[in-house]
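Enquirer:
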Amino acid sequence: MSALTLARERLRARIQSPSTPAPVRMAHGLVESGQGRCLPILSSALAREILTRGYDARNLARVYANVPTPERGLLGSVADRMVLELPIHRGLRERLEAATGELTAAAVMQIRSGERECRVLSTPCGLGCELTGMLERLRATRPEVAGRVRCWGVDLDPEGTVLPEASWNARCAGHAITFLQEDLRRHRGVTAIAAQEGPFHAVLSLGLTQQLSLEELAQEIRFFTGIMAPGATLILDRWEKLDRSGLAGGLSARIPCYSTGQFHPVLREAGLTVEREHATGEGGCVLVVARKPD
76 MSALTLARER LRARIQSPST PAPVRMAHGL VESGQGRCLP ILSSALAREI LTRGYDARNL
136 ARVYANVPTP ERGLLGSVAD RMVLELPIHR GLRERLEAAT GELTAAAVMQ IRSGERECRV
196 LSTPCGLGCE LTGMLERLRA TRPEVAGRVR CWGVDLDPEG TVLPEASWNA RCAGHAITFL
256 QEDLRRHRGV TAIAAQEGPF HAVLSLGLTQ QLSLEELAQE IRFFTGIMAP GATLILDRWE
316 KLDRSGLAGG LSARIPCYST GQFHPVLREA GLTVEREHAT GEGGCVLVVA RKPD
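Those letters in the sequence shown? Residues 76 to 369, by our numbering.
(1) Residue range of the alpha helix (DSSP H) that Q271 falls in?
(2) Is it buried or exposed, K367, if we count other Cβ atoms within 10 angstroms and call 16 or more buried?
(3) Tell me where the alpha helix (DSSP H) around S242 begins and ends.
(4) With a threshold of 8 Å, are at least 3 pairs of Cβ atoms found where one atom belongs to the segment 356-365 and the other to the segment 153-169?
(5) Quick one: Cα of V349 to Cα of R261, how far?
(6) Thinking I302 and F275 are a contact (beta carbons under 8 Å), I'd like their distance in whole angstroms, please.
(7) In whole angstroms, what is the alpha-carbon distance linking R238 and T179?
(8) Quick one: complete alpha helix (DSSP H) runs, 4+ long, within the segment 167-228?
(9) Determine the direct distance from the alpha carbon of G228 to that of C204, and round the result to whole angstroms.
(10) Can you check which of these residues, M184, A365 and Q337, is closest to S280 by C-alpha distance?
(11) Let's test the definition: count the other Cβ atoms within 10 Å of the Cβ of T308 and tell me whether it reaches 16, buried, or not, exposed.
(12) Can you check which of these residues, P218, F254, H250 and C247, is closest to G235 by C-alpha distance?
(13) Can you have a look at W314 and say buried or exposed, based on whether 16 or more other CB atoms are within 10 angstroms of its CB?
(14) Under three-state DSSP, which class holds P96?
(15) Counting C-beta neighbours from all protein chains within 10 Å, is the total for L289 16 or more, i.e. buried, or is it exposed?
(16) Should the segment 205-216 be regarded as contacting the segment 293-300, the criterion being three or more beta carbon pairs within less than 8 Å?
(17) Consult DSSP for S118 and reduce its assignment to one of helix, strand or coil.
(18) Closer than 6 Å by C-beta to P418: which residues in its own chain qualify, once you throw out the five before and the five after it? Chain order, please.
(19) Using the Cβ count rule (16 or more neighbours within 10 Å means buried), how would you classify S334?
(20) Count the other CB atoms within 10 Å of the CB of R263; is the residue buried (16 or more) or exposed (fewer)?
(21) Using only the alpha-carbon positions, how far apart do G129 and A122 sit?
(22) Sort out for me which residues DSSP pairs D312 with in a bridge.
(23) Is the CB-CB distance between L26 and D258 below 8 Å?
(24) I310 and E177 - do their beta-carbons sit closer together than 8 Å?
(25) What residue range does the alpha helix (DSSP H) around T335 cover?
(26) Report the residue from R223, C200, R170 and S197 whose alpha carbon sits nearest the alpha carbon of A182.
(27) Within a Cβ cutoff of 8 Å, which residues of the same chain sit near N375, ignoring the five residues on either side of it in sequence?
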């Protein structure tokens with residue numbers, strides 16, 4: 076090994092050391108991955124959090140809230156605002172609105188069909204933004220339905236801090252949501268809920284395509300179908316490949332993308348019918364609504 080190569084390896088190891096400030100390590104990672112053009116996003120605290128932890132529950136909630144971090148000063152707020160307005164984040168907020176609307180419609184449809192109650196499952200639920208959004212909308216527009224909707228949120232929550240926060244937020248808003256910490260692929264808790272309370276009328280699973288391979292996803296969808304009532308709705312998301320040049324490229328590089336030709340057969344093989352999709356314009360996220368036959 077030449078002296079120059081050895082020096083480069085030592086410098087790389089020093090930069091990647093945990094003792095090196097995180098922004099320096101992030102900048103080095105962007106440059107090494109050929110995304111040096113994305114370096115300006117490191118002025119944003121939100122961008123740094125996304126590069127560190129991905130679109131976890133809290134980062135996703137910050138994108139949904141669409142509010143810069145105030146304690147970072149003017150420059151940090153401007154940088155956050157720039158990141159929040161990226162197409163991928165506008166797409167995530169559009170996904171939230173579409174998912175909330177679809178859950179609301181599913182609940183109204185079930186109650187109007189004569190069901191005594193509507194049981195809704197969100198998994199992974201994160202901070203439960205979609206569930207609380209649905210309940211808020213029902214309380215404002217269909218109060219007679221809101222009182223007959225029962226909600227469960229399930230999440231792995233490896234650090235054990237997200238679900239307590241989600242439960243606190245729901246209680247403060249006056250919503251009764253049951254939260255369960257469980258690895259989705261174990262199924263025990265969710266299976267027990269369905270066996271005791273009855274099958275679910277609506278299942279929401281956002282972000283699953285970012286965590287599982289297509290084969291693992293197919294297995295999860297088959298499981299969902301088994302715990303859904305006849306006529307129930309399954310809501311998922313998928314991502315399409317876009318030319319994400321510039322700043323967005325550094326944030327969206329880890330998102331797996333599936334075309335209609337890849338995704339829809341998985342749903343059909345699980346016995347579901349794809350009813351519609353909500354595309355989010357330049358964001359690349361597509362909300363998929365499927366139904367279990369009656």
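Yeah, the Cβ is synthetic: ideal placement off N, Cα and C, and Gly gets one too.
Expert: Inspection of the coordinates gives the following:
(1) It spans R263 to E272 - the alpha helix (DSSP H) in which Q271 sits, taken as one unbroken run.
(2) With 16 or more Cβ atoms within 10 Å of its Cβ, K367 is classed as buried.
(3) Per DSSP, S242 is one residue of the alpha helix (DSSP H) stretching across V237 to C247.
(4) With a cut-off of 8 Å on Cβ pairs, the segment 356-365 is in contact with the segment 153-169, counting three or more such pairs.
(5) Rounded to whole angstroms, the separation of the alpha carbons of R261 and V349 is 26 Å.
(6) About 6 Å; that satisfies the 8 Å criterion.
(7) Looking at the sequence shown, residue 238 is not Arg but Leu. Rounded to whole angstroms, L238 to T179 spans 22 Å at the Cα level.
(8) Listed in chain order, the complete alpha helix (DSSP H) runs (minimum 4 residues) inside the segment 167-228 are 204-216 and 218-221.
(9) In this structure, the straight-line span from the alpha carbon of C204 to that of G228 is close to 10 Å.
(10) Ranked by Cα distance from S280, the first of M184, A365 and Q337 is A365.
(11) So T308 ends up on the buried side.
(12) Scanning P218, F254, H250 and C247 for the CA closest to the CA of G235 turns up F254.
(13) Buried: at least 16 other Cβ atoms inside 10 Å.
(14) Confidence in P96 is poor, its pLDDT being 45 and thus under 50, which makes the residue's placement unreliable; the coordinate value appears in the next sentence. Coil, per DSSP.
(15) Exposed, by the Cβ-count rule.
(16) Note that the segment 205-216 does not touch the segment 293-300; fewer than 3 beta-carbon pairs, one per stretch, sit closer than 8 Å.
(17) The answer is helix: DSSP assigns S118 an H, G or I state.
(18) Look at the range of the chain in this structure, 76 to 369, and you will see that residue 418 is not part of it.
(19) Sixteen is the threshold: since fewer than 16 other Cβ atoms of the shown chains lie within 10 Å of the Cβ of S334, the residue is exposed.
(20) Exposed, because fewer than 16 other Cβ atoms sit within 10 Å of the Cβ of R263.
(21) C-alpha of G129 to C-alpha of A122: approximately 9 Å in a straight line.
(22) Under DSSP, D312 shares a beta bridge with L362.
(23) It is not possible to answer for residue 26, since the shown part of the chain is limited to 76 through 369.
(24) In this structure, E177 places its C-beta atom within 8 Å of the C-beta atom of I310.
(25) Its alpha helix (DSSP H) spans residues T335 to E344.
(26) The shortest Cα separation from A182 among R223, C200, R170 and S197 belongs to R223.
(27) Because the chain is modelled from 76 through 369, residue 375 falls outside the range shown and cannot be assessed.
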